[in-house]
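For reference, each letter of the sequence shown is one residue, going 135 to 395 in our numbering. Even glycine gets a Cβ: it sits at the ideal position worked out from N, Cα and C. On a predicted model such as this, the values are computed, not experimentally measured, just so you know.
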Amino acid sequence: MTAVLYGCGQHPAGSANRPPPSPSPTAPRLQSAAQLASALTAAETGIRSPSTPDARVAELAHQQQLAYLELAGHPDWLPAVLDAMPPTLKPAVQNNFDAMAGVAVLNPPLSSPPSWHVVAAPPPDQLLSYYREAEQAFGVPWQYLAAIHLIETSFSRIDSDSTAGAQGPMQFVPSTWAEYGQGDIHSTHDAILAAARYLQASGAPAQMAVAVHAYNPDDHYVTAVTAYAENMKADQRAFLGYYHWRVYVATRAGPTFLDPG
Numbered sequence: 135m136t137a138v139l140y141g142c143g144q145h146p147a148g149s150a151n152r153p154p155p156s157p158s159p160t161a162p163r164l165q166s167a168a169q170l171a172s173a174l175t176a177a178e179t180g181i182r183s184p185s186t187p188d189a190r191v192a193e194l195a196h197q198q199q200l201a202y203l204e205l206a207g208h209p210d211w212l213p214a215v216l217d218a219m220p221p222t223l224k225p226a227v228q229n230n231f232d233a234m235a236g237v238a239v240l241n242p243p244l245s246s247p248p249s250w251h252v253v254a255a256p257p258p259d260q261l262l263s264y265y266r267e268a269e270q271a272f273g274v275p276w277q278y279l280a281a282i283h284l285i286e287t288s289f290s291r292i293d294s295d296s297t298a299g300a301q302g303p304m305q306f307v308p309s310t311w312a313e314y315g316q317g318d319i320h321s322t323h324d325a326i327l328a329a330a331r332y333l334q335a336s337g338a339p340a341q342m343a344v345a346v347h348a349y350n351p352d353d354h355y356v357t358a359v360t361a362y363a364e365n366m367k368a369d370q371r372a373f374l375g376y377y378h379w380r381v382y383v384a385t386r387a388g389p390t391f392l393d394p395g
């Protein structure tokens, strides 16, 4: 399953009795590469500043996400956007674009939005404590666990099984959970530790790309996880931006926001 930016690639079945979500209004469309670069510069800079209040980080993260969604629709803008970015931000923008492109390949647009059950994510400090506990126990860099969690279920926001039968915040099929899981497959804490246990058994931390490929055997998935992880390695506050990204799904009508509830 892959969830970030657009929703899950191995689409969750969702709740059959939940009314389908509808498109949500967004900020005004960015009309040029210059506008997009300006928006990304403001968002990326503000998110990374320790002096930015938490509420403002959440606002900037949504602006950041919308800008990347716009860039996804105009990939030809990327060179001009990168040229206009401060040098310190260019690697982050390139990584986010690469991750977004990888996720887009995994997530072909749907004819209509899915009936996913979207809930609130656990607090960011709580998630960081889980990732670090798993890193200490199994040696897997916490940034990779956060990247997988982001891509799989948008930090536990998508509370639905995949059509392939994968369950829980880190999307384990029951047979894999039986081997690597301990506790509750639907527990964010237990699922993060199980993911680290699985990655360690698959080659982490020495061979992270191999381990991530074992988690989901698709090169686009490995690219996306690695790109997001590298941004969080470069600046931990990148995690806060990703944490506040909302759940969007790719449909033939364009990105559609899925309301919690």
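His-323 versus Leu-333 - alpha carbon distance: The residue you call residue 323 lines up with position 189 of the sequence shown. The residue you call residue 333 lines up with position 199 of the sequence shown. About 16 Å.
Count the other CB atoms, across all protein chains shown, that sit within 10 Å of the CB of Ala-150; report buried if there are 16 or more and exposed otherwise. Translated into positions along the sequence shown, residue 150 becomes position 16. Here the model assigns Ala-150 a pLDDT of 35, short of 50, so the residue's position is not dependable, and the following value carries that caveat. Counting C-beta atoms within 10 angstroms of its own C-beta, Ala-150 has fewer than 16 neighbours from the protein chains shown and is therefore classed as exposed.
CB of Val-215 within 8 Å of CB of Ala-167, strictly: Sequence index remark: in the sequence shown, residue 215 carries index 81 (1-based). Sequence index remark: in the sequence shown, residue 167 carries index 33 (1-based). Cβ atoms of Val-215 and Ala-167: closer than 8 Å.
Taking DSSP as the reference, what is the three-state secondary structure of Pro-389? Against the sequence shown, residue 389 aligns to sequence position 255. DSSP places Pro-389 in strand when its eight states are reduced to three.
Nearest-angstrom Cα distance between Gly-388 and Pro-258? Reading the sequence shown from its first residue, position 254 is the one you call residue 388. Reading the sequence shown from its first residue, position 124 is the one you call residue 258. C-alpha separation (whole angstroms): 29 Å.
For Glu-269, which residues of its own chain have a beta-carbon under 8 Å away from its beta-carbon, when the five flanking residues on both sides are left out? Taking the sequence shown and counting its residues from 1, one reaches residue 269 at position 135. So the qualifying residues of the chain are Pro-275, Trp-276, Leu-279, Ala-330.
Alpha-carbon spacing of Thr-310 relative to Ala-300, whole angstroms: Your numbering for residue 310 matches position 176 in the sequence shown. Your numbering for residue 300 matches position 166 in the sequence shown. Whole-angstrom Cα-Cα distance: 9 Å.
Suppose you measure from the CA of Ala-345 to the CA of Ser-172; what does that come to, to the nearest Å? Residue 345 sits at position 211 when you count from the first residue of the sequence shown. Residue 172 sits at position 38 when you count from the first residue of the sequence shown. Each residue's alpha carbon lies about 37 Å from the other.
For Leu-392 and chain B, any beta-carbon pair shorter than 8 Å? Among the chains of the structure shown, chain B does not appear; only one protein chain is present.
Extent of the continuous alpha helix (DSSP H) to which Asp-259 belongs: The residue you call residue 259 lines up with position 125 of the sequence shown. Run containing Asp-259: 258-272, per the alpha helix (DSSP H) assignment.
Segment limits, alpha helix (DSSP H) that includes Thr-360: Within the sequence shown, residue 360 is the residue found at index 226, counting from 1. Per DSSP, Thr-360 belongs to the alpha helix (DSSP H) from 353-368.
Have a look at Ser-156 and His-208 and give me their C-alpha separation to the nearest angstrom. As a working note, residue 156 is residue 22 in the sequence shown. As a working note, residue 208 is residue 74 in the sequence shown. At Ser-156 the pLDDT is 38, less than 50, meaning the model places this residue with poor confidence and gives no usable figure here.
Can you tell me the Cα-Cα spacing of Ser-321 and Asp-293, whole angstroms? Counting from 1 along the sequence shown, the entry for residue 321 is found at position 187. Counting from 1 along the sequence shown, the entry for residue 293 is found at position 159. Taking the straight line joining both Cα atoms gives about 11 Å.
Beta-carbon spacing of Val-359, Ala-281 below 8 Å: Along the sequence shown, read from residue 1 onward, the residue named residue 359 stands at position 225. Along the sequence shown, read from residue 1 onward, the residue named residue 281 stands at position 147. Taking 8 Å as the Cβ cut-off, Val-359 and Ala-281 qualify as a contacting pair.
Using CA coordinates, which residue listed in Arg-266, Asp-217, Thr-357, Tyr-362 is at the minimum distance from Leu-240? For the purposes of this step, residue 240 is identified with residue 106 of the sequence shown, where counting begins at 1. Per the Cα distances, Thr-357.
Using the beta-carbon count (16 or more within 10 Å), is Gln-341 buried or exposed? One-based indexing of the sequence shown puts residue 341 at position 207. Gln-341 is classed as exposed because its beta carbon has fewer than 16 other beta carbons within 10 Å across all chains shown.
Alpha carbon to alpha carbon, what distance is there between Ala-363 and Asn-229? On the sequence shown, residue 229 is found 95 positions in, with the first residue counted as 1. On the sequence shown, residue 363 is found 229 positions in, with the first residue counted as 1. If you take the alpha carbons of Asn-229 and Ala-363, they lie about 9 Å apart.
From Pro-213 to Ala-235, what distance separates their C-alpha atoms? For the purposes of this step, residue 213 is taken as residue 79 along the sequence shown, with counting starting at 1. For the purposes of this step, residue 235 is taken as residue 101 along the sequence shown, with counting starting at 1. Approximately 15 Å between the Cα atoms of the pair.
Cutoff 6 Å; reference Pro-375; Cβ partners in own chain excluding five residues on either side: Position 241 of the sequence shown, counting from 1, holds the residue named residue 375. Note that residue 375 is Gly in the sequence shown, not Pro. If we look at Gly-375 and ignore the five residues flanking it on each side, its Cβ neighbours are Ile-181, Ala-195, Gln-198.
For Gln-316 versus Ala-328, is the C-beta spacing smaller than 8 Å? Translated into the one-based positions of the sequence shown, residue 316 becomes position 182. Translated into the one-based positions of the sequence shown, residue 328 becomes position 194. Yes, these two residues count as a Cβ contact at 8 Å.
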